[in-house]
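Numbering (our numbering), first residue to last: 14 to 521. Only one structure is covered here, and it is reproduced in the block below.
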């Protein structure tokens, strides 16, 4: 079965306005003479009921936990030291409440991240916190005890491994076989001190009385030197390198002067591991590699119940150690949380790895990391305005027409007649004259004005969430991506103790 879901943050939900009183729907209906007094009583009852409803509404939860389910590997990217110091105790206390059988937190970063977890252990009292330190000046935990020969050889080689890939794997395998050849000669327990002395004898050095080797083992190692090491110079060179490596690792053995810090009192235990300051900068890097290798081996062990491993500074892990942790985290009952400062080239594969649909993004100040987060959430096609053109025009027309007419008409006529009588005759003449004149003026004006506006749209493939949003997140805010759904949540340390915080998540 998969491990129980964890809680790292809470999402806010607006409860909306307070409900109205149902008494508003039943005003008093009585005689008109008693209506004023009845109305006053009804109004007082309504106001009292609404105050009661408002008080109850104000106590409704506003913050709801966001469960982090999905596969066993949960990558978390970005964030500030203050945000990490808040997320770590939240996840640890969530695992305690969920009944995890083993809870371990590893800090590979140079930050102090466990102060909030110490305060939570002292205040809540639900668990006991043990803080172990691995340092070149002595450690509070013994990383070399109860190891088989194979485990001890791998631990020594991986702590000083400098290259990854196929070539690095071949060199590491050859180095492990050289160490195992020496360990097979020994008949007693495989410890770091005995192995250091055994390699010295195998290289031809004089055996010491206090080296912890028996006489039979010394003779067998001398024979191994004569038969193998003396005849093969590459083997001698590799064994000499391993002896120097073991000399460096012996500084990281458990020291009685270094005591693990304990806080809180509870039935369950949360263990933390971090690298302390060494005598030189290489000691810190070797301590990180040694701690990472030991934790990866321990995470691979079976546990009767759910097992949580939280690695802060996971981007500092070697690729082969990260692959081993991921492979273990995908097994039933295992939960691996990786806190990474950046999304590097080697960590992009964690997004959606092995079918996991859950990933968490805190503030990502780096622009490249913000783009990768936005790309993981996806894009969608949309239409945007990519051009606007405006054209204006105006036309005016006019015409003037002038016309004038004139005319003269004259008509003349005459008539006469002669009778048979003497001196009888008729004589007539007519003249008619007409004059016609006229003029006309016609003026016409016209025009038009036109304005044309053209808007063009383009189909683009845009981010669903812009990268700038990841860069501008508040320090305690995070974006939880699950099945292409982004939830904005907060990991503020004050939320769990608020009376407005729900213990149950929102219904899906």
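Positions of the beta carbon are idealized from the N, C-alpha and C atoms, including for glycine. As the structure is a computational prediction, the values presented were derived from the model and not from experiment.
Q | Local Cβ density within 10 Å of residue 10, reported as buried at 16 or more and exposed below that | A | Examination of residue 10 is not possible in this model, given that the chain is present from 14 through 521 alone.
Q.
My assumption, with CB atoms under 8 Å, is that residue 355 sits in contact with residue 382. Please give the rounded CB distance.
A. Counting from one through the chain shown, the residue named residue 355 turns up at place 342. Counting from one through the chain shown, the residue named residue 382 turns up at place 369. Correct: roughly 6 Å between the Cβ atoms.
**Q.** As assigned by DSSP and simplified to three states, the class of residue 285
**A.** In the chain shown, residue 285 corresponds to position 272, counting from 1. Residue 285 sits in a strand when the DSSP states are folded into three classes.
Q. Secondary structure at residue 332, three-state DSSP: helix, strand or coil?
A. Position 319 of the chain shown, counted from the start, is the residue given in the question as residue 332. Here residue 332 sits in helix by DSSP.
Q) Looking only at C-alpha atoms, which of 121, 62, 40 and 26 sits nearest to residue 75? A) In the chain shown, residue 75 corresponds to position 62, counting from 1. Closest option to residue 75, Cα to Cα, is 26.
Q. Straight-line CA distance for residue 124 to residue 59?
A. Position 111 of the chain shown, counted from the first residue, corresponds to residue 124. Position 46 of the chain shown, counted from the first residue, corresponds to residue 59. Cα to Cα, the separation comes out at about 58 Å.
Q: Under 6 Å Cβ to Cβ from residue 326, same chain only, skipping five residues before and after it: list those, please.
A: Sequence index remark: in the chain shown, residue 326 carries index 313 (1-based). By the criterion of a C-beta distance shorter than 6 Å, residue 326 is surrounded in its chain by 121 and 122, once the five residues flanking it on both sides are discounted.
Q: Check the C-beta distance from residue 522 over to residue 282 and give it rounded, since I have them as a contact under 8 Å.
A: The question about residue 522 has no answer, for the chain in this structure spans 14 to 521.
(Q) From the DSSP secondary-structure annotation, give me the bridge partner or partners of residue 24. (A) The residue labelled residue 24 in the question sits at position 11 within the chain shown. DSSP lists 77 as partners of residue 24.
Q: Could you name the residues that DSSP lists as bridge partners for residue 86?
A: Residue 86 sits at position 73 when you count from the first residue of the chain shown. 349.
Q: List the endpoints of the continuous beta strand (DSSP E) containing residue 200.
A: Position 187 of the chain shown, counting from 1, holds the residue named residue 200. No beta strand (DSSP E) holds residue 200; DSSP gives it neither H nor E.
Q.
Starting from residue 280, trace the beta strand (DSSP E) in both directions and tell me its first and last residue.
A. Counted from its first residue, the chain shown places residue 280 at position 267. Premise fails: residue 280 is in no beta strand (DSSP E) and is neither H nor E.
Q: Find out if the Cβ-Cβ distance for the pair residue 148, residue 79 is shorter than 9 Å.
A: Translated into the one-based positions of the chain shown, residue 148 becomes position 135. Translated into the one-based positions of the chain shown, residue 79 becomes position 66. No, the Cβ-Cβ distance between residue 148 and residue 79 is not below 9 Å.
Q) Should residue 256 be labelled buried (16 or more other beta-carbon atoms within 10 Å of its own) or exposed? A) Within the chain shown, the letter at position 243 stands for residue 256. Per the 10 Å Cβ criterion, buried.
Q.
Taking its Cβ as the centre, do 16 or more other Cβ atoms sit within 10 Å of residue 88, making it buried, or is it exposed?
A. Here residue 88 is taken as the residue at index 75 of the chain shown, counted from 1. Around the CB of residue 88, 16 or more other CB atoms lie within 10 Å, so the residue is classed as buried.
Q) For residue 145, is the classification buried or exposed, using 16 other Cβ atoms within 10 angstroms of its Cβ as the cut-off for buried? A) Here residue 145 corresponds to residue number 132 of the chain shown, with the count starting at 1. It is buried - the Cβ of residue 145 has at least 16 other Cβ atoms within 10 Å.
Q | residue 519 in three-state terms, based on DSSP | A | Here residue 519 refers to the residue found at position 506 of the chain shown. Note: residue 519 maps to coil in three-state DSSP.
Q: For residue 433, name the three-state secondary structure that DSSP assigns.
A: Within the chain shown, numbered from 1, the residue matching residue 433 stands at position 420. A caution first: residue 433 carries a pLDDT of 45, below 50, which makes its placement in the model unreliable, though a value can still be read off. Residue 433 sits in coil when the DSSP states are folded into three classes, being neither helix nor strand.
Q. Which residues in the same chain as residue 385 place their Cβ atom closer than 7 Å to its Cβ, once the five residues preceding and following it in sequence are excluded?
A. Position 372 of the chain shown holds residue 385. Once the five neighbours on either side are set aside, the close Cβ partners of residue 385 are 356 and 361.
Q. So, do the stretch 209 to 218 and the stretch 238 to 257 have three or more beta carbon pairs nearer to each other than 8 Å?
A. yes
Q. From this set, 190, 353 and 262, which residue's C-alpha is nearest residue 209's C-alpha?
A. Stepping through the chain shown from its first residue, residue 209 is reached at position 196. It is 262 whose Cα lies nearest to the Cα of residue 209.
Q) Just how far apart, CA to CA, sit residue 486 and residue 504? A) Along the chain shown, one-based indexing puts residue 486 at 473. Along the chain shown, one-based indexing puts residue 504 at 491. The alpha-carbon atoms of residue 486 and residue 504 are separated by roughly 12 Å.
Q: May I have the straight-line CA-CA distance separating residue 271 from residue 152, to the nearest angstrom?
A: As a first step, residue 271 must be located in the chain shown, where it is residue number 258. As a first step, residue 152 must be located in the chain shown, where it is residue number 139. Straight-line spacing of the CA atoms in residue 271 and residue 152 works out to 6 Å.
Q. In this structure, what does DSSP give as the bridge partners for residue 115?
A. Residue mapping note: residue 115 aligns to position 102 of the chain shown, counting from 1. Beta-bridge pairing links residue 115 to 320.
Q: Alpha carbon to alpha carbon, how far is residue 454 from residue 437? Give it in angstroms, no decimals.
A: Position 424 of the chain shown, counting from 1, holds the residue named residue 437. Position 441 of the chain shown, counting from 1, holds the residue named residue 454. With a pLDDT of 49 at residue 437, under the threshold of 50, the modelled position of that residue is not reliable, and no figure is offered here.
(Q) Contact between the stretch 188 to 207 and the stretch 243 to 253 is defined here as three or more beta-carbon pairs at a separation below 8 Å; is this criterion met? (A) yes
Q.
Considering just the uninterrupted stretch of the alpha helix (DSSP H) at residue 232, what are its terminal residues?
A. Your numbering for residue 232 matches position 219 in the chain shown. That run of the alpha helix (DSSP H) goes 228 to 237.
**Q.** Through-space distance from residue 308 to residue 269, alpha-carbon basis
**A.** Working through the chain shown from its first residue, we reach residue 269 at position 256. Working through the chain shown from its first residue, we reach residue 308 at position 295. Residue 269 and residue 308: Cα-Cα distance of roughly 22 Å.
Q. Which of helix, strand or coil does DSSP assign to residue 145?
A. Sequence index remark: in the chain shown, residue 145 carries index 132 (1-based). If DSSP states are grouped into helix, strand and coil, residue 145 belongs with the strands.
Q | Given residue 118 as reference, the closest of 201, 97, 332 and 406 once Cα atoms are compared | A | In the chain shown, residue 118 corresponds to position 105, counting from 1. Checking every option, the nearest Cα to that of residue 118 belongs to 97.
Q: Could you check what DSSP says for residue 505 in three-state terms: helix, strand or coil?
A: Sequence index remark: in the chain shown, residue 505 carries index 492 (1-based). Three-state DSSP puts residue 505 in coil, outside helix and strand.
Q) Grouping DSSP H, G and I as helix and E and B as strand, with all else coil, what is residue 486? A) Here residue 486 corresponds to residue number 473 of the chain shown, with the count starting at 1. Correct three-state label for residue 486: coil.
Q. Does the separation of the CB atoms of residue 19 and residue 321 fall below 9 Å?
A. Along the chain shown, read from residue 1 onward, the residue named residue 19 stands at position 6. Along the chain shown, read from residue 1 onward, the residue named residue 321 stands at position 308. One thing to note: residue 19 has its Cβ within 9 Å of the Cβ of residue 321.
Q. Going by Cα to Cα distance, which pick from 330, 260 and 491 is closest to residue 175?
A. Residue mapping note: residue 175 aligns to position 162 of the chain shown, counting from 1. It is 330.
Q) How should residue 403 be labelled, buried or exposed, when 16 other C-beta atoms within 10 angstroms of its C-beta is the threshold for buried? A) Taking the first residue of the chain shown as position 1, residue 403 is located at position 390. That one is exposed.
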